[in-house]
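Notes to accompany the following structure.
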Amino acid sequence: MASAFSAIQAGARMLSIGAHNIANAQTEGFKRTRAIPVESSAGAGVTVTLQKDERPGHQLLFSQDALRLREGSNVDLDEEIISNLQTVNLLEANIASVRIQDQV
Numbered sequence: 207m208a209s210a211f212s213a214i215q216a217g218a219r220m221l222s223i224g225a226h227n228i229a230n231a232q233t234e235g236f237k238r239t240r241a242i243p244v245e246s247s248a249g250a251g252v253t254v255t256l257q258k259d260e261r262p263g264h265q266l267l268f269s270q271d272a273l274r275l276r277e278g279s280n281v282d283l284d285e286e287i288i289s290n291l292q293t294v295n296l297l298e299a300n301i302a303s304v305r306i307q308d309q310v
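Pasting the structure below:
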């Protein structure tokens with residue numbers, strides 16, 4: 207049951223990172239953070255490793271006095287939504303596992 211609780215905590219952290227990325231998708235120069243689940247040693251559950259995505263963002267045309275290009279965020283909303291849906295599935299599976307173990 208401890209590994210299921212660990213996976214639930216990791217899933218919650220991953221959803222939080224995904225929400226942070228989505229919230230900053232329109233922020234100029236923002237670099238998305240990847241949340242990578244990693245199995246802990248000796249079967250101690252799951253941890254989340256964070257990794258900054260250094261890929262360049264979209265180029266934005268900026269005009270105040272002169273035309274210039276600026277870098278937008280590198281967040282791909284399609285990718286974030288799919289990742290969040292996969293994480294929700296992970297959470298639901300582990301919550302179901304805890305419920306079943308609790309009934310036994």
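Here the sequence shown is numbered in this note's numbering, starting from 207 and rising by one per residue. Note that CB positions come from ideal geometry on N, CA and C, so glycine has one too.
Residues near residue 238 in its chain [Cβ-Cβ closer than 6 Å; skip 5 each side]
227, 259, 280 and 281
Spatial neighbours of residue 210 within its chain, please: C-beta separation below 6 Å, excluding the five flanking residues on both sides.
300, 303 and 304
When you compare each of 278, 250, 290 and 264 to residue 242 by their alpha carbons, which one comes out closest?
290
Residue 284 to residue 224, Cα distance in whole Å?
11 Å
For residue 222, is the classification buried or exposed, using 16 other Cβ atoms within 10 angstroms of its Cβ as the cut-off for buried?
exposed
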